[in-house]
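In what follows, a single structure is set out as C-alpha cells and then discussed.
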Amino acid sequence: MSDASLSALAAQLVAKQVSSRELAQQYLDRITALNPSLNAFITVDADKTLTEAAAADALIAAGKAGPLTGVPIAHKDIFCTDGWLTTCGSKMLHNFIAPYDAHVIQRFKAAGMPSLGKTNMDEFAMGSSNETSYFGAVKNPWNTAYVPGGSSGGAAACVAARMAPAATGTDTGGSIRQPAALCGITGLKPTYGLVSRFGMIAFASSLDQAGPMAPSAEDCALLLNVMTGFDPNDSTSLEREKEDYTRDLGKPLTGLRVGLPREFFAEGLNNEVAASVEAAVAELKKLGATTVEISLANSKLAIPVYYVLAPAEASSNLSRFDGVRYGYRAPDYANLDDMYCKTRAQGFGAEVKRRIMIGAYVLSHGYYDAYYLQAQKIRRLIANDFTEAFKTCDVILGPTAPGTAFKLGEKSEDPVEMYLNDLYTIPANLAGLPGMSLPCGFDRQGLPIGLQLVGNYFSEAKMLNVAHQYQRATDWHARAPEGLK
Amino acid sequence: MSLSPDDVKRIARLARIEIDDSQALASQSQLNTIFDLIATMQAVDTQGIAPMAHAQEVYQRLRADSVTETDHHAAFQAIAPAVENGLYLVPKVIE
C-alpha cells in the first residue's frame, strides 16, 4: 500500500524506481483484495489498465513524460470512457459501452495517466450516501457499517482505502466534497465552466462540475492542471488562459482573511464537527490568517431552491433515456409509448424517478412561475450573498457536512433527511463558486470530519494553498484506515 | 400544497414513467414531504430580482457552418437495443 503523493509517485517513475505497469499492478492487486468488501469499483479491466500503463512507460522511456505520466487514476462511472462499460450507477446503462471519451478522460489519457477502472456512484449522481447505485452501496473504508457519502462515494472510498492514488469526481450539490469529508480525503469542485462537461453524463447542467479527489491539496492542484481547459464541445466551457494551480503552493497565509458564515455554525451542526472546524480555524490563525464573521443569510434556502432547479434540469436531461438508442429497453411492451414508460419504470431506481417527477411537476403548466422562476430568483439572492461576503474576506470556511458518516440504511427511507446532508455544499454550486473539502479531524467513533473552503470565482490556486498550508501544519489528510481486508 | 395519488399518476405520465396505484400511494407521501420543504421558498420576497439561470454570464458561441465531425453511425448504432439497415427499430407508430 502506497501513501506516496502524486508528485512523489511521478518522481519514482521518472527515476525508473518503479514502472507504470508495476505501479498499476500494485493498485490492481489492492483493488482485487478490497473491492469485495468496499464495492468502490463497478468496472475493473486489468488488461486495459496495463496496456495504458505500458504506453506511459514508453513515454517515460522516450523522455516525453509530463508531470503525472504513468501515475494511475480511477474515474467516476459518470464519464464516458471509450470501450469501457459506463453505467452512471444505473440499470438504465448497465450494458452501455461508451463509444467515445469524455473530455476529462481525453485529458487524463493525453497526460499519460492509466485508468484503474470506473468507480461506483449514486445512480445518475443523485444521492448523498452511494446507496442509490444499481450496483449496490459502497462501504466507508473507516467503518464498513457506514456510508462513504455520495454521489462520488466509490471515488472517495477508493482513494481513502489507497486502492487508487487519485480519482475523478463530479459535484452538482456536494457530490465531491461531502464524500471527501466522510472518507477523510481532499476533494475540489472548481468554478463552474473550468472543466468541460462533454461526455460527463448530465444530471443538472447548470450545476454539474467535475473535479479532483486525492489525499492532499497538492495532489488536487496537480490533477486540476490536467482537467481544466477550454473545450468547444461544451457550450458552457470558459475560454481562459491556462493556469498553473500549483503556483501559489508555498506562499505564507499572513494577512489571509477567512470568512466564517454564522449560518454554517448554527443549529443542526454536530458538536464534534463544530469543535474540529473551530480547531482548524485556530490553526489557520497560527499560520497568520485573520477571521471575519460574515452572513450568507439566504443559504438556508439553498436546499429548497436546489430541489426545484436540479430535478427540473434532470427531468429534461434524463428524457434521453427511452430505450431507443442505447442502454436498457423493457422486454415487453404494447406500443411505443408503453415502451418508453416501461423502460423508464424498470430502468430507473426510486430516487431518480422521484427527482424526474419533481422536475416534471415544477416545470408543468401553472407551476412554472411559483416554483422554477421563484427558485431561480432566490438562486440570485444566494449568489449575491457570496459577492457581498467576498468584499470582506478572501476565502470562506465552514463544515463540509453537518455530521460525520451515518450508518448504511439509516437515512435511505427519508429523502428529506438525506437531502439535508448537502446543506453547506449546495450554495457554492448555485453560485458557481469553487469549493473544496479537506480532512480536519475524527469523531469519537473514528470517522473523518471534513472542513469546507469556498473561494471566489477562479480563486482555486489561492484556496488550494490555504488547504496546503493547513496540511503542512497537520496530518489529518495523511491518515489512512487500518486493518482493511 | 398536497398531491393526491391522482396528481402523482399525472406527473408520472408527464415523465413517461409507468406507475401503478400502490406505487403512486407510496410516492405520494415522500413527494409531499419534499414539496413541503420546497414550499418554504414561497415566503421570500423576490420582487425585482432577475432570475439566475446560470453561474456565468456567458453567451452561446457560434462556429463556422462547416463539417467538423466524422461519421460515427456504425459505432453509435452498435450499442442500440434494436437496429436494422442503419435504422433504430421501435414499435410501429403509424398504421
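Taken in sequence, the protein lines are chains A and B.
For the first sequence, the positions run 1 to 485 when my numbering is used.
For the second sequence, the positions run 1 to 95 when my numbering is used.
Ideal Cβ placement from N, Cα and C applies to all residues, glycine included.
Interface flag, P81(B) vs chain A, CB-CB below 8 Å: yes
In chain order, what residues of the same chain have a beta carbon less than 7 Å from the beta carbon of H468(A), not counting five sequence neighbours either side? A217, E218 and L249
Run through chain A and tell me which residues come within less than 9 Å of H103(B), C-beta to C-beta. An answer regarding residue 103(B) cannot be provided, because it is not within the stretch 1 to 95 covered by chain B.
Under 8 Å from the C-beta of L37(B): neighbouring residues of chain A: I303, P304, Y307, V416 and Y419
Quick check: what's the CA-CA separation for Y307(A) versus Y134(A)? 22 Å
Where L336(A) meets chain B, residues with beta-carbon distance less than 7 Å: V90, P91 and V93
Once DSSP output is grouped into helix, strand and coil, what is the label at S437(A)? strand
Contacts that L62(B) makes with chain A (C-beta to C-beta distance below 9 Å): Neighbours of L62(B) on chain A: none; closest Cβ ~11 Å, over 9 Å.
Rounding to the nearest angstrom, what Cα-Cα distance links A65(A) and R21(A) in this structure? 15 Å
Would Y368(A) be called buried (16 or more neighbouring beta carbons within 10 Å of its own) or exposed? exposed
So, at 6 Å on beta carbons, what are the nonlocal neighbours of S27(B) in its own chain, with the 5 sequence-adjacent residues on each side left out? V8
Kindly indicate which three-state DSSP category T119(A) falls into: helix, strand or coil? strand
Rounded to the nearest angstrom, what separates A15(A) and P481(A) at their Cα positions? 29 Å
Mark G398(A) as exposed unless 16 or more other C-beta atoms lie within 10 angstroms of its C-beta, in which case mark it buried. buried
Should the segment 422-431 of chain A be called in touch with the segment 167-175 of chain A, which here means at least 3 C-beta pairs below 8 Å? yes
Hey, is the segment 11-30 of chain B in contact with the segment 355-371 of chain A, meaning 3+ C-beta pairs nearer than 8 Å? yes
Looking at chain B, is there any beta carbon in it that lies within less than 8 Å of the beta carbon of E373(A)? With the sequence shown as reference, residue 373(A) is identified as Leu, and Glu is not the correct amino acid for it. So, interface residue.
Verify the CB distance criterion: does E18(B) have a CB-CB separation below 8 Å to chain A? yes
Touching or not, the segment 78-96 of chain A and the segment 117-134 of chain A, by the rule of three or more beta carbon pairs under 8 Å? yes
If the cut is a Cβ gap below 9 Å, which residues of chain B does G455(A) touch? Chain B residues near G455(A): none, gap ~14 Å exceeds 9 Å.
Among T144(A), L420(A) and A53(A), which has the Cα closest to the Cα of T36(A)? It should be pointed out that residue 36(A) corresponds to Pro in this sequence rather than to Thr. The candidate whose alpha carbon is nearest that of P36(A) is T144(A).
Beta carbon proximity, A24(B) to chain A, threshold 8 Å: no
For K391(A), count neighbouring C-beta atoms within 10 Å of its own C-beta (all shown protein chains included) and say buried if the count is 16 or more, exposed if not. exposed
Is it the case that the CB of I60(A) approaches a heavy atom of the ligand SAH more closely than 7 Å? Here there are no bound small molecules, and the ligand SAH is not part of this structure.
From the DSSP output, in three-state form, read off A145(A) for me. coil
What whole-angstrom Cβ distance do L182(A) and V147(A) have, given they're in contact under 8 Å? 7 Å
Which residues, taken in chain order from the segment 88-121 of chain A, show a beta carbon closer than 9 Å to some beta carbon of chain B? N95, F96, I97, A98, P99 and Y100
Does the beta carbon of Q28(B) sit closer than 8 Å to a beta carbon anywhere in chain A? no
Under a CB-based cut-off of 8 Å, is L14(B) close to chain A? yes
Short check: CB of V273(A) to CB of I449(A), under 8 Å? yes
Taking the alpha helix (DSSP H) that A221(A) falls in, what are its first and last residues? A217 to M227
Quick check: is the beta carbon of P5(B) nearer than 8 Å to any beta carbon in chain A? no
Within-8 Å CB hit, C341(A) to chain B: yes
Taking DSSP as the reference, what is the three-state secondary structure of V258(A)? strand
Please list, in chain order, the chain A residues whose beta carbon lies closer than 7 Å to that of V44(B). L301 and I378
Classify G450(A) as helix, strand or coil using the three-state DSSP reduction. strand
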